[in-house]
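Undergrad: Residue numbers for the sequence shown follow our numbering, so the first one is 9 and each next one is one higher. So that we are looking at the same thing, I have put the structure below in structure tokens.
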Amino acid sequence: MKYQISQESFNKTKADITAVLVVDKNLEHRWVLHKDTLKELGYKSESEEVAFLNESKVIYIGISSLEYDELRNAAALIYKNVSKTKAKSLKIGSYLCKCDKLSIQALIEGFELGSYKFDKYKSEKNKSSLKKVIISLEEYNEKKINKEKANLGLKYAQIIANATNYAKDIVNTIPNDYTPLSFEKDANELAKEHKNVTCKVYDEKFLEKEKMQAFLAVNRASPIPPRLIHLCYKPENAKKKIVFVGKGLTYDSGGLSLKPADYMLTMKADKSGGAAALGIFKAASELEFPFEIHAIIGATENMIGGNAYKPDDVLIARNGKSIEVRNTDAEGRLVLADCLDFAQDLKPDFIFDLATLTGACVVAVGEFTSGVMGHSDELRAKFEKAAKKSGELTSNLYFNKHLKKLIKSQIADVSNTSSSRYGGAITAGLFLDTFIREENKNKWLHLDIAGPAFIEKEWGYNQHGASGAGVRMCVYFLNELAKEI
Ligand code: BES
Ligand code: ZN
Ligand code: ZN
9 MKYQISQESF
19 NKTKADITAV
29 LVVDKNLEHR
39 WVLHKDTLKE
49 LGYKSESEEV
59 AFLNESKVIY
69 IGISSLEYDE
79 LRNAAALIYK
89 NVSKTKAKSL
99 KIGSYLCKCD
109 KLSIQALIEG
119 FELGSYKFDK
129 YKSEKNKSSL
139 KKVIISLEEY
149 NEKKINKEKA
159 NLGLKYAQII
169 ANATNYAKDI
179 VNTIPNDYTP
189 LSFEKDANEL
199 AKEHKNVTCK
209 VYDEKFLEKE
219 KMQAFLAVNR
229 ASPIPPRLIH
239 LCYKPENAKK
249 KIVFVGKGLT
259 YDSGGLSLKP
269 ADYMLTMKAD
279 KSGGAAALGI
289 FKAASELEFP
299 FEIHAIIGAT
309 ENMIGGNAYK
319 PDDVLIARNG
329 KSIEVRNTDA
339 EGRLVLADCL
349 DFAQDLKPDF
359 IFDLATLTGA
369 CVVAVGEFTS
379 GVMGHSDELR
389 AKFEKAAKKS
399 GELTSNLYFN
409 KHLKKLIKSQ
419 IADVSNTSSS
429 RYGGAITAGL
439 FLDTFIREEN
449 KNKWLHLDIA
459 GPAFIEKEWG
469 YNQHGASGAG
479 VRMCVYFLNE
489 LAKEI
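The structure is reproduced here in structure tokens:
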């Protein structure tokens, strides 16, 4: 889609379709030219209520208030309705929430995220005629919007939404087509296409040498070798070092603790953390944040076979700790244990891991929300504030010492499963905590994206399938951090 920021008044701007947001049911606004018709149609201008007046070529969308995510949602709804017509262009006014850059950014993110389509496996690809969105800088409340800031918002929106859609493509691709070797290929391509980026990819021999037995065990029954991927973006005068570690399970069958058929379906999405790490890295390097950014992905399948690792095994992780395997379906934490240890050798200022780690997190906070865990109240609060601006939903899950006792093992240093059926998202987080060094406890956050990573029934601006969960909230966090320095 092409975007044009125009200084022309809303009425003078020309386009095939006009889009008007009805804010808080205010049909008296100067842009609402069809008040009587709308009333006749019984249009109540509730949030997300759409009225498409085909003859006048105007679309009205209700939003409850001027908030960033309301704009994203409305833009996606506009796209959804207009893309069914033959219209080539669309115009919309500006809606100022708080910051001018972010308001334009949110609107365009909504169009870009809302127009994502995954049709790789469809023989017929339906292309929409809509090619251009013109945003008039005339503002809903007649406030002034700075043109440079609006253009910056456009740039950010395109980079961030594009990186999110990039992560969606990875996750949506089927496990036969997207293997650990595909992660390697994509990471190498990112390095080739971006300035100041280097990529190192490690194979099973390196993992052996590094004594990453937890990671290797998960890979054992897969015919495809594992990959540890390490991307680094290093601008001049980097102010901080931030590492994103992603769970890249290109398929999770559960291993010998095999998943029931219903639960195995969608497990191509168990690579969502890895895909998000790539997406975050792509956006961060394109936005040229003043930070050294690392993305580390543990990529493997979790399969079954005669050589599979077993419930009852004891594995020695890279940091020397022994892990009792009580369930081979709790594999993500094994891969992450070794990747987190590897990542800490980089001596980061912040370390985030992203993973579709537990079904328990989905039970705890619902399918729309990511669980955020970590020791530092300050870091969590900062992160959640940035996430809120991004439109991604998060919920904090607190650690406590009683839950920590549930992952004690009788025969090893730690067990990969909890002895209780309750609190599984947090006990998984606490398992990872075992591998976070003392000096890094307050620098680390664990993001369990199991709920929102893959969407079975569309909601908001998310279509069926992958949502790119994690990308926007982390990039928004980096942006907030960049403002601090
Ligand atoms: N990849 C799954 C978690 C998951 C479940 C992600 C649903 C997305 C949607 C993970 O590897 C897993 O299987 N976890 C187990 C842990 C249990 C065996 C302790 C789970 O959540 O059931
Ligand atoms: Zn699993
Ligand atoms: Zn998994």
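Glycine residues also receive a C-beta, built at the ideal position from the N, C-alpha and C atoms. All of these numbers come straight from a predicted model, not from anything done at the bench.
#1: The beta strand (DSSP E) that contains Ser403, what's its start and end?
#2: Whose C-alpha, out of Ala303, Asp421, Glu447 and Asp357, is nearest the C-alpha of Ala199?
#3: Can we say the segment 101-117 touches the segment 160-170, given the rule of at least three CB pairs closer than 8 Å?
#4: Would you call the CB atoms of Ser144 and Ser102 closer than 9 Å?
#5: Could you please give the first and the last residue of the uninterrupted beta strand (DSSP E) stretch that includes Tyr241?
#6: Taking only runs that begin and end inside the segment 281-368, name each unbroken beta strand (DSSP E) of 3 or more residues, in chain order.
#7: Do Ser475 and Ala461 count as a contact pair if the criterion is CB distance below 9 Å?
#8: If you measure from each CB to the nearest heavy atom of ligand 1 and keep those under 5 Å, what residues do you get, in chain order?
#9: Can you confirm whether the segment 22-36 touches the segment 62-73 when touching is taken to mean that 3 or more C-beta pairs between the two stretches lie within less than 8 Å?
#10: With DSSP as the reference, label Asp456 as helix, strand or coil.
#11: List the residues that DSSP assigns as beta-bridge partners of Leu257.
#12: Span of the alpha helix (DSSP H) holding Thr435?
#13: What does Thr377 pair with, by DSSP beta-bridge criteria?
#14: Excluding five sequence neighbours on each side, which residues of the same chain lie with their C-beta closer than 6 Å to the C-beta of Leu414?
#15: For Val28, list the residues DSSP reports as bridge partners.
#16: Just curious, the alpha helix (DSSP H) that Ala59 is in, first and last residue?
#17: Cβ of Leu257 versus every heavy atom of ligand 2: is any distance shorter than 8 Å?
#18: I'd like to check one pair, Gly340 with Ala307: are the Cβ atoms closer than 9 Å?
#19: To test your reading of the DSSP string, which unbroken beta strand (DSSP E) runs of 3 or more residues are found completely within the segment 121-197?
#20: At a cut of 8 Å, does the segment 189-199 reach the segment 44-55 through at least three beta carbon pairs?
#21: Shortest alpha-carbon distance to Asn204 belongs to which of Tyr241, Thr172 and Lys217?
#22: Please confirm whether any heavy atom of ligand 3 lies closer than 8 Å to the CB of Asn159.
#23: Over what stretch of residues does the alpha helix (DSSP H) that includes Leu215 continue unbroken?
#24: Thinking just about the alpha-carbon of each residue, which of Lys279, Ala59, Leu121 and Asp108 is nearest to the one in Ala84?
#25: Inspect the beta-carbon positions of Ala171 and Gly287 and report whether they are closer than 9 Å.
#26: Assuming Leu323 and Leu295 form a contact by the criterion Cβ under 8 Å, report the distance between their Cβ atoms to the nearest whole angstrom.
#27: Just tell me which of Tyr87, Glu36, Glu75 and Ile444 has its CA closest to the CA of Phe60.
#28: Measuring from the CB of Met275, is there a heavy atom of ligand 3 at a distance below 8 Å?
#29: Quick one: what does DSSP say Tyr469 is sitting in, helix, strand or coil?
#30: Measuring only the C-alpha atoms, how far is Phe485 from Phe391?
#31: Report the residue from Lys99, Asp77 and Thr181 whose alpha carbon sits nearest the alpha carbon of Asp127.
#32: Count the CB pairs spanning the segment 243-257 and the segment 348-368 that are closer than 8 Å, and state whether there are at least three.
#33: My assumption, with CB atoms under 8 Å, is that Leu236 sits in contact with Leu215. Please give the rounded CB distance.
#34: What residues match up with Val209 in a beta bridge as DSSP calls it?
#35: So, are the CB atoms of Ile178 and Ser261 less than 9 Å apart?
#36: Can the beta-carbon of His410 be found less than 9 Å from the beta-carbon of Gly437?
TA: Put simply:
#1: If you look at Ser403, you'll find it in the beta strand (DSSP E) that goes Leu401 to Asn404.
#2: Comparing Cα-Cα distances from Ala199 to each of Ala303, Asp421, Glu447 and Asp357, the minimum goes to Ala303.
#3: Output reads yes: the segment 160-170 touches the segment 101-117.
#4: Yes, the pair counts as a contact, with Cβ atoms nearer than the cut-off.
#5: That run of the beta strand (DSSP E) goes Arg235 to Tyr241.
#6: If only uninterrupted beta strand (DSSP E) runs of at least 3 residues are considered, those enclosed by the segment 281-368 are 299-310, 322-324, 330-332 and 358-363.
#7: Going by C-beta atoms, Ala461 is nearer than 9 Å to Ser475.
#8: Listed by position in the chain, the residues whose beta carbon lies within less than 5 Å of some heavy atom of ligand 1 are Asp260, Asp278, Asn335, Asp337, Ala338, Gly340, Thr364, Thr366, Gly367, Thr425 and Ala458.
#9: Three or more beta-carbon pairs drawn from the segment 62-73 and the segment 22-36 are found closer than 8 Å, and the two stretches are therefore classed as touching.
#10: DSSP places Asp456 within a strand segment (E or B) once states are collapsed to three.
#11: Looking at the DSSP output, Leu257 bridges to Thr308.
#12: Thr435 -> alpha helix (DSSP H) spans Gly432 to Asp441.
#13: According to DSSP, Thr377 bridges with Leu401.
#14: Around Leu414: Ser426, Ser427, Ser428 and Thr435.
#15: The partner list for Val28 (beta bridge, DSSP) reads Tyr68.
#16: Ala59: not part of any alpha helix (DSSP H); member of the beta strand (DSSP E) spanning Val58 to Leu61, first to last residue.
#17: At least one heavy atom of ligand 2 sits closer than 8 Å to the Cβ of Leu257.
#18: No, the pair does not count as a contact, with Cβ atoms beyond the cut-off.
#19: Fully enclosed beta strand (DSSP E) runs of 3 or longer: 140-147.
#20: Contact between the segment 189-199 and the segment 44-55 is absent, because fewer than three Cβ pairs lie under 8 Å.
#21: Among Tyr241, Thr172 and Lys217, the Cα nearest to that of Asn204 is on Tyr241.
#22: False, no ligand heavy atom lies under 8 Å from that Cβ.
#23: Per DSSP, Leu215 belongs to the alpha helix (DSSP H) from Glu212 to Lys217.
#24: For the options Lys279, Ala59, Leu121 and Asp108, the alpha carbon positioned closest to that of Ala84 is the one of Leu121.
#25: Yes.
#26: The pair is not a contact, with the Cβ atoms about 39 Å apart (cut-off 8 Å).
#27: Ranked by Cα distance from Phe60, the options Tyr87, Glu36, Glu75 and Ile444 are led by Tyr87.
#28: At least one heavy atom of ligand 3 lies less than 8 Å from the C-beta of Met275.
#29: DSSP places Tyr469 in coil when its eight states are reduced to three.
#30: Cα to Cα, Phe485 sits roughly 6 Å from Phe391.
#31: If we check each option's Cα against that of Asp127, Thr181 comes out closest.
#32: Look at the beta carbons and you see the segment 243-257 touching the segment 348-368: at least three pairs across the two are nearer than 8 Å.
#33: With 8 Å as the limit, Leu236 and Leu215 qualify as a contact, their Cβ atoms being about 6 Å apart.
#34: Paired residue(s): Ile237.
#35: In this structure, Ser261 does not lie closer than 9 Å to Ile178 by Cβ.
#36: In this structure, Gly437 does not lie closer than 9 Å to His410 by Cβ.
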